[in-house]
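Counting from 151, one number per residue, gives the positions in the sequence shown under my numbering.
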Amino acid sequence: MLIIDCPWCGPRAESEFAYGGEGGIARPGATEAMSDEQWGDYVFMRKNPKGLHHEQWRHASGCGKWFNALRDTVSYRFHGTWKIGAEPPPAFARLGQGAATPATPAALPAAEGAAR
Ligand SMILES: [Zn+2]
């Protein structure tokens with residue numbers, strides 16, 4: 151079972167949470183000045199990294215609050231959660247510094263390695 155640490159309630163089962171997509175995406179200010187391509191990029195284009203990913207989650211069956219999370223998309227491991235507007239965990243500094251590069255074969259689950 152995957153355990154997620156809600157910044158307000160503490161560790162809970164994943165079944166209590168809802169994924170909210172990529173985190174840290176701010177709505178542009180002057181939307182009327184944006185081209186259709188720029189607007190389309192804002193609305194639809196998201197990162198799809200293999201490795202650390204900044205995400206937003208909601209404790210839907212708990213306190214109902216939104217929060218940020220840093221999760222590894224290969225191992226599903228959460229490297230930290232934090233309240234909106236709070237300081238991110240130290241591992242957040244690894245984003246943009248090669249953290250989203252492909253994982254090493256040793257880090258891949260055994261079942262995936264066996265399928266090759
Ligand atoms: Zn909560």
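C-beta: ideal position from N, C-alpha, C; glycine also.
Item, Value
"With distances taken Cα to Cα, identify the nearest neighbour of Tyr-192 among Leu-202, Gly-201, Gly-179.", "Gly-179"
"Per DSSP, what are the beta-bridge partners of Pro-181 in this structure?", "It should be pointed out that residue 181 corresponds to Thr in this sequence rather than to Pro. Answer by DSSP bridge pairing: none, since Thr-181 is not bridged."
"Counting only the same chain and skipping the five closest in sequence on each side, list residues whose C-beta sits under 7 Å from that of Gly-174.", "His-204"
"Sort out for me which residues DSSP pairs Asp-191 with in a bridge.", "DSSP output for Asp-191 lists no bridge partner at all."
"Determine whether the beta carbon atoms of Gly-235 and Cys-159 lie at a separation below 7 Å.", "no"
"How is Glu-166 classed by DSSP in three states: helix, strand or coil?", "helix"
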